[in-house]
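A short write-up of the structure that comes next.
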Amino acid sequence: GGLLMRARDLKVHFPIKRGVLKRTVGHVRAVDGVSLDIRSGETLSIVGESGCGKTTLGQALVRVLEPTAGSIEYRKAGEGPADIAHLGETELRRYRSDIRMIFQDPFASLNPRRRVVDIIGESLRNFGVKDERDVEARVATLLRKVGLRPEYMSRYPYAFSGGERQRIGIARALAVHPRLVVADECVSALDVSIQAQTLNLMQDLQEEFALTYVFISHDLSVVEYISDRVAVMYAGRIVELSDTEPLFAKPRHPYTAALLASVPRPDPRSARMRKHMRLKGEVADPANRPSGCAFHPRCPFATDLCRAEDPQLRSVGSSDVACHFADSLDLKGVNADAA
Ligand code: SF4
Numbered sequence: 008g009g010l011l012m013r014a015r016d017l018k019v020h021f022p023i024k025r026g027v028l029k030r031t032v033g034h035v036r037a038v039d040g041v042s043l044d045i046r047s048g049e050t051l052s053i054v055g056e057s058g059c060g061k062t063t064l065g066q067a068l069v070r071v072l073e074p075t076a077g078s079i080e081y082r083k084a085g086e087g088p089a090d091i092a093h094l095g096e097t098e099l100r101r102y103r104s105d106i107r108m109i110f111q112d113p114f115a116s117l118n119p120r121r122r123v124v125d126i127i128g129e130s131l132r133n134f135g136v137k138d139e140r141d142v143e144a145r146v147a148t149l150l151r152k153v154g155l156r157p158e159y160m161s162r163y164p165y166a167f168s169g170g171e172r173q174r175i176g177i178a179r180a181l182a183v184h185p186r187l188v189v190a191d192e193c194v195s196a197l198d199v200s201i202q203a204q205t206l207n208l209m210q211d212l213q214e215e216f217a218l219t220y221v222f223i224s225h226d227l228s229v230v231e232y233i234s235d236r237v238a239v240m241y242a243g244r245i246v247e248l249s250d251t252e253p254l255f256a257k258p259r260h261p262y263t264a265a266l267l268a269s270v271p272r273p274d275p276r277s278a279r280m281r282k283h284m285r286l287k288g289e290v291a292d293p294a295n296r297p298s299g300c301a302f303h304p305r306c307p308f309a310t311d312l313c314r315a316e317d318p319q320l321r322s323v324g325s326s327d328v329a330c331h332f333a334d335s336l337d338l339k340g341v342n343a344d345a346a
């Protein structure tokens, strides 16, 4: 597909304030220079450990957050690209129905005191559907699209399972015909079997409504299943960007290789899955970014060059990689313990 969104040198810095005078003593550089093209119709995943900046990046792309610096060009249907990075709320209204978000916890994101018809209908009313019968008819259609019975519209969120609540969250996001949907850990809270059903539903809806997905997740098996492309984030930057298959077959960045090695696999010596295994070492502190390559304190290949110079994202093979030695490293031996 063509280009839908183009982010350039995006930064989201939060000031750290101290003392009675609330003086700014530093900045948390949650997103620290991300450039990214999002192609129409694709599923692009953003992965990394918690604290890498992926959620903040997603919030900047949907303009829940205003970035500190950088541009976000968005192409509305039939229009040329417009930079939405620093628009005010009034100007943003034209884009709000185009770009929607689905959240992690379907229960927390649904108001327990409102019926499903009101939860989904709110978006419709906000975007100009005034007649109550129209609202109900559209909510019924949306519920069918996500595999729920239209009669459910008069129920409250507590009456639904986690998977059903996430379907309601999806229906709410789709109510106003978005083109770009940013899903932040949207299946993480669900059982594995329900995850698969939800992902399949999302893929069906993507085809039917020509949706583009930005899929934020720490779960690499989910990411491998759903993505066309994957961006790996570390310390607020993209360190590797690649089509999904080559990324999983041949990671080029040591951090990607270590992440892949930390994916839980059945442990032959015990019946247990080794779930949520963490990489060794601490995630880089976004308030105190390490010199040079931010991954160097955890990288088994770090040299003086890595400590001194910040590697830029450049094309290596079929990927874009930010590592000084991306073309020469042998990453086969990298495991989660080595990093
Ligand atoms: Fe490791 Fe150096 Fe590459 Fe950073 S630049 S990932 S420290 S080898």
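Residue numbers (full-length UniProt numbering): 8 to 346.
Glycine included, C-beta positions come from ideal geometry on N, C-alpha and C.
1. Look at the alpha carbon of Glu49 and the alpha carbon of Pro185, and state the distance between them as a whole number of angstroms.
2. Alpha carbon to alpha carbon, how far is Leu10 from Arg140?
3. Can you determine whether any heavy atom of the ligand SF4 sits closer than 6 Å to the C-beta of Lys313, and answer yes or no?
4. Is Ala309 near the ligand ZN, with its Cβ less than 6 Å from a heavy atom?
5. Does the ligand SF4 have a heavy atom nearer than 6 Å to the CB of Pro318?
6. Relative to the C-alpha of Ala265, which candidate in Thr205, His303, Ser298, Leu338 has its C-alpha closest?
7. Look at Asp112 and Ala196 and say whether their C-beta atoms are less than 7 Å apart.
8. Would you call Pro119 buried or exposed, if buried means 16 or more other Cβ atoms sit within 10 Å of its Cβ?
9. Taking C-alpha atoms, which residue in Leu149, Arg321, Leu28 lies nearest to Ser42?
10. DSSP three-state call for Arg281: helix, strand or coil?
11. For residue 350 and Arg151, I'd like the C-alpha separation in whole angstroms.
12. Give a yes or no on whether 7 Å exceeds the smallest Cβ distance from Val41 to chain B.
13. Does the region 220–228 touch the region 287–301, meaning 3 or more C-beta pairs lie closer than 8 Å?
14. Taking the alpha carbon of Leu187 as the point to measure from, which residue in Leu17, Ser47, Asp334 has its own alpha carbon closest?
15. Note down, one range per segment and in chain order, each beta strand (DSSP E) of at least 3 residues found wholly within the region 15–91.
16. If we ignore side chains and look at the alpha-carbon of each, how far apart do Ile91 and Lys257 end up?
On the basis of the coordinates in this document:
1. Roughly 14 Å between the two C-alpha positions.
2. Taking the straight line from one Cα to the other gives about 37 Å.
3. Note that residue 313 is Cys in the sequence shown here, rather than Lys. Within the cutoff, so yes.
4. Among the ligands present in this structure, namely the ligand SF4, the ligand ZN is not found.
5. True, at least one ligand heavy atom lies under 6 Å from that Cβ.
6. Scanning Thr205, His303, Ser298, Leu338 for the CA closest to the CA of Ala265 turns up Leu338.
7. For Asp112 and Ala196, yes; Cβs fall inside 7 Å.
8. The C-beta of Pro119 has fewer than 16 other C-beta atoms within 10 Å across all chains shown, which makes the residue exposed.
9. Across the set Leu149, Arg321, Leu28, the C-alpha of Arg321 shows the shortest separation from the C-alpha of Ser42.
10. With a pLDDT of 41 at Arg281, under the threshold of 50, the predicted position of this residue should be treated as unreliable, and no value is reported.
11. This structure does not reach residue 350, given that the chain is present from 8 up to 346, and the question cannot be answered.
12. Among the chains of the structure shown, chain B does not appear; only one protein chain is present.
13. Output reads no: the region 220–228 does not touch the region 287–301.
14. Checked all of Leu17, Ser47, Asp334; the closest Cα to Leu187 is Ser47.
15. Complete beta strand (DSSP E) runs here, min 3: 30–46, 50–54, 76–82, 88–90.
16. When the Cα atoms are used, Ile91 and Lys257 turn out to be separated by approximately 36 Å.
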